[in-house]
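In my numbering, the protein residues as written are 249 to 514. Note that the Cβ used here is the ideal one computed from N, Cα and C, for glycine as well. First comes the structure, then the notes that go with it.
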Amino acid sequence: MKTYFLYATLSLGLFFAFSSNTFPQKLLWSDEFDSSGLPDSTKWTYDVGDHGWGNQELQFYTEKELRNARVENGYLIIEAHADAEYPKGYTSARLVTRGKASWEYGYIEVRAKLPAGTGTWPAIWMLAEENRHGGWPKNGEIDIMEHVGYDPGVIHGTVHTEAFNHVKGTQKGAQIQIDDFDQAFHTYAINWTQESIEFYVDGAKYFEFENTGGDYSEWPFNQPFHLILNIAVGGTWGGQKGVDASIWPQRMVVDYVRVYDSRPNF
Numbered sequence: 249m250k251t252y253f254l255y256a257t258l259s260l261g262l263f264f265a266f267s268s269n270t271f272p273q274k275l276l277w278s279d280e281f282d283s284s285g286l287p288d289s290t291k292w293t294y295d296v297g298d299h300g301w302g303n304q305e306l307q308f309y310t311e312k313e314l315r316n317a318r319v320e321n322g323y324l325i326i327e328a329h330a331d332a333e334y335p336k337g338y339t340s341a342r343l344v345t346r347g348k349a350s351w352e353y354g355y356i357e358v359r360a361k362l363p364a365g366t367g368t369w370p371a372i373w374m375l376a377e378e379n380r381h382g383g384w385p386k387n388g389e390i391d392i393m394e395h396v397g398y399d400p401g402v403i404h405g406t407v408h409t410e411a412f413n414h415v416k417g418t419q420k421g422a423q424i425q426i427d428d429f430d431q432a433f434h435t436y437a438i439n440w441t442q443e444s445i446e447f448y449v450d451g452a453k454y455f456e457f458e459n460t461g462g463d464y465s466e467w468p469f470n471q472p473f474h475l476i477l478n479i480a481v482g483g484t485w486g487g488q489k490g491v492d493a494s495i496w497p498q499r500m501v502v503d504y505v506r507v508y509d510s511r512p513n514f
């Protein structure tokens with residue numbers, strides 16, 4: 249049964265509750281995954297291929313392959329497999345709302361249970377809908393949630409821009425420990441306004457990136473962004489400790505995705 253109220257007890261032993269007074273409740277877009285079969289084609293499309301995706305990743309992202317992305321029993325399942333038929337030995341899926349839905353500002357939340365094991369690299373993140381400023385990271389990137397399997401339970405929330413990015417070692421972000429990341433559902437969210445991007449797990453804020461007032465190199469987040477859900481295998485970060493060949497398949501299970509209007513005075 250799906251849970252429509254956010255609640256959690258985090259490792260600090262404190263209870264954090266999501267209040268309807270905390271964020272606006274005007275729902276703009278959602279997927280509750282109430283159908284079955286392939287993900288809703290009116291809401292999601294696919295990134296496809298195995299060129300490494302800028303991080304030397306191993307998976308081939310498939311398209312419309314139930315083994316890698318399907319809806320069943322009220323959940324979206326993104327599943328990575330070891331598969332010797334593919335050159336790099338793995339398949340997975342990367343679902344995107346690009347061309348279907350994008351948002352400039354909002355409260356975006358995804359309730360999910362994550363995969364585990366060395367070599368897994370699940371992510372819930374956002375990229376700009378248009379190429380206004382040039383190649384990555386000039387248009388910005390918002391990583392709502394990233395987890396690398398060799399460092400279990402450490403959830404990362406990060407932003408990347410031309411001025412602040414991991415290539416330069418200047419990226420802005422923070423981490424929070426969620427020990428049962430692979431056993432229980434947690435809600436990963438951002439509250440994105442003109443002033444800042446706040447990062448939450450189960451209603452608890454653990455990081456805020458403030459608008460510096462600079463140009464696009466520091467704040468490119470005044471344009472529409474689309475959402476991405478994926479599991480990568482290996483790569484420059486996820487594969488730093490290798491890839492455990494014994495753990496596959498691994499899945500990210502998503503209960504829902506919801507986008508609310510968080511603009512002031514909407």
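The beta strand (DSSP E) spanning Asp391 covers which residue range? What you label residue 391 is simply residue 143 of the sequence shown in a count that begins at 1. Where Asp391 is concerned, the enclosing beta strand (DSSP E) starts and stops at Glu389 to Glu394.
State the DSSP-derived secondary structure class of Lys336, mapped to helix, strand or coil. Walking along the sequence shown from the start, residue 336 turns up at place 88. DSSP places Lys336 in the coil class of the three-state scheme, outside both helix and strand.
Inspect the CB distances between the stretch 351 to 358 and the stretch 486 to 498 and report whether three or more fall short of 8 angstroms. Taking a contact to require three or more Cβ pairs closer than 8 angstroms, the stretch 351 to 358 and the stretch 486 to 498 do not qualify as touching.
Which stretch, first to last residue, makes up the beta strand (DSSP E) that contains Pro305? On the sequence shown, residue 305 is found 57 positions in, with the first residue counted as 1. Strictly speaking, residue 305 in this sequence is Glu, with Pro absent from that position. It is not in any beta strand (DSSP E) - Glu305 carries neither H nor E in the DSSP assignment.
Count the CB pairs spanning the stretch 479 to 488 and the stretch 303 to 316 that are closer than 8 angstroms, and state whether there are at least three. Enough Cβ pairs lie closer than 8 angstroms, so yes.
Closest residue to Asp503 among Ser283, Ala360 and Val407 (Cα-Cα distance): Counting from one through the sequence shown, the residue named residue 503 turns up at place 255. Closest option to Asp503, Cα to Cα, is Ala360.
With distances taken between CB atoms, is the gap from Phe412 to Gln419 smaller than 8 angstroms? Along the sequence shown, one-based indexing puts residue 412 at 164. Along the sequence shown, one-based indexing puts residue 419 at 171. The answer is yes: Cβ separation under 8 angstroms.
Take Ala432 and list the residues in its own chain whose beta-carbon comes closer than 8 angstroms to its own, dropping the five residues that flank it on each side. Within the sequence shown, the letter at position 184 stands for residue 432. Correct list, in chain order: Lys361.
What did DSSP end up calling Leu321 once you bin it into helix, strand or coil? Position 73 of the sequence shown, counting from 1, holds the residue named residue 321. Residue 321 is actually Asn in this sequence, not Leu. The answer is coil: DSSP assigns Asn321 none of H, G, I, E or B.
Just the C-alpha distance for Arg509 and Pro335, rounded to the nearest angstrom, thanks. Counted from its first residue, the sequence shown places residue 509 at position 261. Counted from its first residue, the sequence shown places residue 335 at position 87. Reading off the sequence shown, one finds Asp at residue 509, where the question assumed Arg. Here the C-alpha atom of Asp509 lies approximately 43 angstroms from the C-alpha atom of Pro335.
Output needed for His414: all residues of its chain with C-beta closer than 7 angstroms, excluding positions within five of it in sequence on either side, in chain order. Counted from its first residue, the sequence shown places residue 414 at position 166. Correct list, in chain order: His408.
Cα-Cα separation, Gly401 to Gln425: Here residue 401 is taken as the residue at index 153 of the sequence shown, counted from 1. Here residue 425 is taken as the residue at index 177 of the sequence shown, counted from 1. Cα to Cα, Gly401 sits roughly 5 angstroms from Gln425.
When the Cα atoms are used, what is the spatial distance from Val393 to Ala330? The count along the sequence shown starts at 1 and reaches residue 393 at position 145. The count along the sequence shown starts at 1 and reaches residue 330 at position 82. Here residue 393 is Met; the residue named in the question, Val, does not match the sequence. Taking the straight line joining both Cα atoms gives about 24 angstroms.
On the three-pair Cβ rule with 8 angstroms, is the stretch 280 to 298 touching the stretch 311 to 322? Counting Cβ pairs under 8 angstroms, three or more are found: they touch.
In terms of residues, what are the limits of the beta strand (DSSP E) holding Phe473? Indexing the sequence shown from 1 puts residue 473 at position 225. Counting along the chain, the beta strand (DSSP E) containing Phe473 begins and ends at Phe473 to Val481.
Keeping to the same chain, check which residues put their C-beta closer than 6 angstroms to that of Phe429; ignore five residues upstream and five downstream. Numbered from 1 along the sequence shown, position 181 holds the residue referred to as residue 429. Excluding five sequence positions before and after Phe429, the CB atoms of its chain that fall closer than 6 angstroms to its own CB belong to Leu362 and Gly401, given in chain order.
For Ile372, the first and last residue of its enclosing beta strand (DSSP E): For the purposes of this step, residue 372 is identified with residue 124 of the sequence shown, where counting begins at 1. Membership of Ile372 in the beta strand (DSSP E) is indicated by the continuous run Thr368 to Ala376.
Alpha helix (DSSP H) runs wholly inside the stretch 409 to 489, at least 4 long, in chain order: Whole alpha helix (DSSP H) segments, 4+ residues: zero.
List the residues that DSSP assigns as beta-bridge partners of Ala341. The residue labelled residue 341 in the question sits at position 93 within the sequence shown. Per DSSP, Ala341 has no beta bridge partner at all.
Exposed unless 16 or more other CB atoms sit within 10 angstroms - verdict on Asn269: Taking the sequence shown and counting its residues from 1, the one referred to as residue 269 is at position 21. With a pLDDT of 42 at Asn269, under the threshold of 50, the modelled position of this residue cannot be trusted; read the value that follows with caution. With fewer than 16 Cβ atoms within 10 Å of its Cβ, Asn269 is classed as exposed.
Does the beta-carbon distance from Lys291 to Ala349 come in below 8 angstroms? If you number the sequence shown from 1, residue 291 lands on position 43. If you number the sequence shown from 1, residue 349 lands on position 101. Contact flag set, yes.
With Arg506 as the anchor, note down where its beta strand (DSSP E) starts and where it stops. Start at 1 with the first residue of the sequence shown, and residue 506 comes out as number 258. Looking at the DSSP string, the run of the beta strand (DSSP E) that includes Arg506 is Gln498 to Tyr508.
If you drop the 5 nearest sequence neighbours on each side, which residues of the same chain put their C-beta closer than 6 angstroms to that of Asp391? Along the sequence shown, read from residue 1 onward, the residue named residue 391 stands at position 143. For Asp391, where only same-chain residues beyond five positions count, the Cβ hits under 6 angstroms are Trp373 and Thr406.
Would you tell me roughly how many angstroms separate the C-alpha atoms of Leu375 and Ser494, rounded to the nearest one? For the purposes of this step, residue 375 is identified with residue 127 of the sequence shown, where counting begins at 1. For the purposes of this step, residue 494 is identified with residue 246 of the sequence shown, where counting begins at 1. The C-alpha of Ser494 is placed about 32 angstroms away from the C-alpha of Leu375.
Should Trp369 and Val396 be called a contact, given that it needs their Cβ atoms to be closer than 8 angstroms? Here residue 369 refers to the residue found at position 121 when the sequence shown is read from its first residue. Here residue 396 refers to the residue found at position 148 when the sequence shown is read from its first residue. Yes, these two residues count as a Cβ contact at 8 angstroms.
Which residues does DSSP pair with Trp351 in a beta bridge? Stepping through the sequence shown from its first residue, residue 351 is reached at position 103. Per DSSP, the beta bridge partners of Trp351 are Phe473.
So what does Ala330 bridge to, in DSSP terms? If you number the sequence shown from 1, residue 330 lands on position 82. Partner(s): Tyr338.
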